[in-house]
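Q: Per this note's numbering, the sequence shown starts with residue -15, numbered consecutively.
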Amino acid sequence: MQVTQSTKLANVCYEIRGPVLDEAMRLEAAGHRILKLNTGNPAAFGFDCPPAILEDMLRNLGGSHGYGDAKGLLSARRAVMSHYETKGIPLSVEDVYLGNGVSELIQMAMQALLDDGDEVLVPAPDYPLWTAAVSLSGGTAVHYRCDEQADWMPDLADIERKVTDRTKAIVIINPNNPTGAVYDDEMLRGLTGIARRHGLVVCSDEIYDKILYDGATHTPTAAIAPDLMVLTFNGMSKNYRVAGYRSGWMAVCGPKAHASSYIEGLTILANMRLCANMPAQHAIAAALQGRQSVEALVKPGGRLLEQRNAAYELLVDIPGVTCVKPKGALYLFPRLDPSVYKIKDDRQMVLDLLRAEKIMVVHGTGFNWHEPDHFRIVTLPGVADLTAAVTRIGRFLDGYGQH
Ligand code: PLP
C-alpha cells in the first residue's frame, strides 16, 4: 500500500527550498560550484555571530540542557517586554511567546486561530511561509495586491474588496520580503483601519525591522494601533544574523480581554511543543540589550548597503529588467519585462538559469506572485560574488524567452 501525504498538504508550498534546490544539490554532488542566492541566511555569506551573543550562549550552555517554560525563559521574555516598552508598546511577560524561530510561532498563531474555510488576508508577493501556514491550518490565504508601480505598497482598495465574513486576520510583512518595501505610518494606519472596521486580528511580521536603507524608518504596527490585538513577530535570524540558533518571539500586543479563548489555544500549542531551544533563548536578552545589531552594516559604507547598491545597479542595467529599489530587508525582486521575455513558467526559467550559469534564485510565483515575470535574489554575498552572479544572470537572459 502506498504511503501518501495528507490532503492537508494539498496547498502547502515552500519553493525557497523546493525542487530547484534539489536540482542545485544534485549539481553540487556532481562537482559543480553553485552560488545559492535563495535563502536569507547571513551566516552562509560570512556574517559572523555577534561576539556578545555567542558568549552569552556559551556561558549558558551548561545550564540549558533541561526543558524550560513553554512560553520561554523569563529573562528573555522580560527583555522582549522592555524592548517594546521603549517603543511605546505596553506588554506583560505573559504576552510574549518564544519559539524556534519566527517560523514556529507563525504556524502556532495560525493553527490556534483558524477553522476550516476561514480566510486570512496575505500580501502578494509574500514570504510564502505565511500562505503555507494558513493552508496547513485549514484556512484560505486570500492574497491582496502590492502595487509595484507604487513602490510595492499594499493596495488598500483591493484589501477592502477582499474582506468577507470568513476573514479572520490580515498579515503585514514590514519591511517586506521579497520586495524590500517599508511602510510609512499612513500606510500602517490604512492597513490597521481595515482591521479595525472588520474586527480582524493583525499579524505583523517585523523580522527585518532593523535592516533599513536610505534613511528609512520602521514603525511597529502595534504602536500605530494600540486599540487592536496585533501579533508582532520578530527574532534573531536577520537583525542579529544567527538564523541557525532558531530563536524568535511573538508579542501579543494591545487589548486581549476579548481573546482569552485564542490565547488559551496558543498556550496549548506552546505546551505541546514543550519549549523552544533553550541555549538560544539566553541570547535574546544579550541581543536586545547590547549593540549587536545590524545598524553598522546598513549605513553608508556598511556591507549590506554596498551589496544592495551593487546588485541593484547591475540588475537594472540588464535590458528588460526593472526593479524597485528596496528600502529594507535582504532581497531584490526584479521584474522581467514580459514584452522582452516571454516566460510562461518562471520555475523552469530559474531551473534553466541554474543549469546554465550555476546560480540559484527563486522564481516570483514561489512568493505567490500571480505572473511568471519576477525572481528574487538575496543581497547577502560580497560585492564580487554579487557582481559575478548578476553578470551571469544578464548573460543567461540575453536571448532567453525572446521568441
Ligand atoms: N518572516 C519573514 C518575513 C522571513 O523572511 C523569514 C525568513 O526568511 C521568517 C519569517 C522566518 O524566520 P525565522 O528564522 O525566525 O524562523
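No residue lacks a Cβ here, since even glycine has one placed at the ideal position from N, Cα and C.
1. State whether the segment 378 to 385 contacts the segment 326 to 345, with contact taken as three or more CB pairs (one from each stretch) at a distance under 8 Å.
2. Sort out for me which residues DSSP pairs D193 with in a bridge.
3. So for I268, helix, strand or coil by DSSP?
4. Take the Cβ of D99 as the centre, count every other Cβ of all protein chains shown within 10 Å, and call the residue buried at 16 or more, exposed below.
5. Quick check for students: name the residue ranges of the alpha helix (DSSP H) that lie wholly in the segment 275 to 361, counting only runs of 4 or more.
6. Could you tell me if L45 is buried or exposed, where buried requires 16 or more neighbouring beta carbons within 10 angstroms of its beta carbon?
7. Do A125 and Q91 come within 8 Å of each other at the CB atom, strictly closer than that value?
8. According to the neighbour-count rule (16 or more other Cβ atoms, all chains shown, within 10 Å of its Cβ), is G199 buried or exposed?
9. Does the distance from the CB of A(-6) to the CB of N255 come in under 8 Å?
10. Q386 and V324 look like a contact to me (Cβ under 8 Å); what is the Cβ gap, rounded to whole Å?
11. Drop a sphere of 10 angstroms on the beta-carbon of D211, count the other beta-carbons inside from all chains shown, and report buried for 16 or more, exposed for fewer.
12. Run the CB neighbour count on Q265, radius 10 Å, all protein chains shown included, and call it buried at 16 or more, exposed below.
13. Less than 8 Å between C-beta atoms, sequence neighbours within five positions excluded: which residues of the same chain meet that for R196?
14. Compute the Euclidean distance between the alpha carbons of L250 and D357, then round it to the nearest angstrom.
15. Report the residue from T371, G366, A372 and G383 whose alpha carbon sits nearest the alpha carbon of A27.
16. Could you give the distance in angstroms between the alpha-carbon of Y296 and the alpha-carbon of R331?
17. Who pairs with G83 in a beta bridge, going by DSSP?
18. What residue ranges within the segment 114 to 177 form continuous alpha helix (DSSP H) runs of no fewer than 4 residues, ordered along the chain?
19. Could you tell me the alpha carbon to alpha carbon distance between N261 and G228, rounded to whole angstroms?
20. Quick one: using the 10 Å Cβ neighbour count with 16 as the cut-off for buried, is D301 buried or exposed?
21. Going straight from the alpha carbon of G238 to that of V104, what length do you get?
22. Which residues mark the beginning and the end of the alpha helix (DSSP H) in which N44 is found?
23. For T176, which residues from the same chain have a beta carbon less than 7 Å from its beta carbon, with the 5 sequence-adjacent residues on both sides left out?
24. Of the choices G174, A294, K71 and A368, whose alpha-carbon is the least far from that of L467?
25. With distance defined between alpha-carbon atoms, name the residue in D189, G15, I0 and A179 nearest to K222.
A: In brief:
1. yes
2. Paired residue(s): none; D193 is not in a bridge.
3. helix
4. exposed
5. 279 to 282, 287 to 300 and 330 to 341
6. exposed
7. no
8. exposed
9. no
10. 7 Å
11. exposed
12. buried
13. Looking at the sequence provided, one finds Leu at residue 196 rather than Arg. If we look at L196 and ignore the five residues flanking it on each side, its Cβ neighbours are P159, V166, H202, V282, K311 and G312.
14. 38 Å
15. G366
16. 22 Å
17. G232
18. 140 to 146
19. 11 Å
20. exposed
21. 20 Å
22. P35 to L45
23. V186, T205, I208, A209 and L212
24. Lying outside -15 to 387, the shown extent of the chain, residue 467 is not represented and no answer is given.
25. D189
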